[in-house]
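A.B. asks: For reference, the structure I am asking about is given below.
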Amino acid sequence: MEGNSRMRAFHVLNHRGIIDMIGVFHESREKEMTYSSGFDKFEQNNEEKINALLGRWSGHSVTKRSGFYGTTIAEADIDLMLERDENGQLIQEINSTSGGGTSIRWNGTAQDGLVTFDGGFQMTLLPGGMYLACPTNVAKSVAETQSFFLEFSWMESPGKRRRLVRTFDVQGVVVSTTYINETKL
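Numbering-wise, the sequence shown is residues 4 to 188 according to this note's numbering.
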């Protein structure tokens with residue numbers, strides 16, 4: 004996003020804690036607004052949406068914590084790899100310098116614009132290189148006294164994206180917000 008514009012996304016959960024609706028807004032202070040991530044041609048093809056995300060992404064994150072949990076700011080370098088194995092299964096590995104080093108690896112499958120990872124996490128692929136990621140069942144996370152996070156990602160241009168990750172405690176209170184800028188290597 005350039006100038007006086009921004010992207011916003013929201014989700015609505017049904018009474019069982021499962022995503023029911025997703026809304027995405029591109030807002031601008033300008034009277035006329037155009038948005039092109041360079042991925043507009045992928046709007047109808049789910050395979051191309053996934054292919055645009057495949058590869059190695061490297062960047063930097065800034066996490067802001069505030070409120071009840073105290074106010075802190077933490078920065079980290081991020082390295083993310085999303086690839087397909089020979090059987091077509093997706094493998095996502097995220098490495099971060101946060102907290103002395105963190106590594107997460109998920110295996111998943113893709114079907115009809117939805118990527119479902121082992122362990123109950125999903126990515127809903129949206130037009131224009133965007134996706135919204137969250138637990139497959141937020142109510143289950145809360146019932147098991149687990150915090151959860153929601154992620155919104157959008158392409159600024161081919162090879163450059165931003166991600167916003169918001170972490171919630173079991174009561175649904177925002178614990179932190181993480182902004183990530185990444186470049187495809």
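Think of the CB as a built atom: it goes at the ideal place given N, C-alpha and C, for glycine as much as any other residue.
1) Just the Cα atoms here: how many angstroms apart are residue 170 and residue 55?
2) Within 10 Å of its beta-carbon, does residue 78 have 16 or more other beta-carbons around it, so buried, or fewer, so exposed?
3) For a minimum of 3 consecutive residues, which ranges assigned as the beta strand (DSSP E) are wholly contained in the segment 58-105?
4) So, with DSSP's three-state summary, where would you put residue 145?
5) Three or more C-beta pairs under 8 Å: does that hold for the segment 138-150 against the segment 79-89?
6) Please go through the same chain and pick out, in chain order, the residues whose beta-carbon is closer than 6 Å to the beta-carbon of residue 105, but skip the five residues on each side of it.
7) Taking buried to mean at least 16 other C-beta atoms within 10 Å of its own C-beta, is residue 128 buried or exposed?
8) To the nearest angstrom, how far is it from the Cα of residue 175 to the Cα of residue 52?
9) Between 168, 173, 135 and 60, which has its C-alpha nearest residue 146's C-alpha?
10) Just curious, the beta strand (DSSP E) that residue 185 is in, first and last residue?
11) Just curious, the beta strand (DSSP E) that residue 159 is in, first and last residue?
12) Taking the alpha carbon of residue 118 as the reference point, which residue from 50, 64 and 59 has its own alpha carbon closest?
13) To the nearest angstrom, report how far apart residue 157 and residue 132 are at their CA atoms.
14) Relative to the C-alpha of residue 93, which residue among 103, 80 and 111 is closest?
C.D. replies: Reading off the structure:
1) Start at 1 with the first residue of the sequence shown, and residue 170 comes out as number 167. Start at 1 with the first residue of the sequence shown, and residue 55 comes out as number 52. Rounded to whole angstroms, residue 170 to residue 55 spans 26 Å at the Cα level.
2) Taking the first residue of the sequence shown as 1, we reach residue 78 at position 75. Exposed, because fewer than 16 other Cβ atoms sit within 10 Å of the Cβ of residue 78.
3) 58-68, 75-87 and 93-99
4) By one-based count along the sequence shown, residue 145 stands at place 142. Helix at residue 145.
5) no
6) In the sequence shown, residue 105 corresponds to position 102, counting from 1. Contacts found: 99.
7) The count along the sequence shown starts at 1 and reaches residue 128 at position 125. Under this definition residue 128 is a buried residue.
8) The sequence position of residue 175 within the sequence shown is 172, counting from 1. The sequence position of residue 52 within the sequence shown is 49, counting from 1. Approximately 30 Å, taken between the alpha carbons.
9) The count along the sequence shown starts at 1 and reaches residue 146 at position 143. For the residues 168, 173, 135 and 60, the minimum Cα distance to residue 146 belongs to 173.
10) Residue numbering aside, residue 185 sits at position 182 when the sequence shown is read from its first letter. Residue 185 -> beta strand (DSSP E) spans 177-187.
11) By 1-based counting over the sequence shown, the position of residue 159 is 156. Taken as a continuous stretch (DSSP letters only), the beta strand (DSSP E) holding residue 159 covers 151-160.
12) Mapped onto the sequence shown, residue 118 falls at position 115. With distances taken between Cα atoms, residue 118 lies closest to 50.
13) Here residue 157 is taken as the residue at index 154 of the sequence shown, counted from 1. Here residue 132 is taken as the residue at index 129 of the sequence shown, counted from 1. Spanning the two alpha carbons is a distance of roughly 6 Å.
14) The residue you call residue 93 lines up with position 90 of the sequence shown. If we check each option's Cα against that of residue 93, 111 comes out closest.
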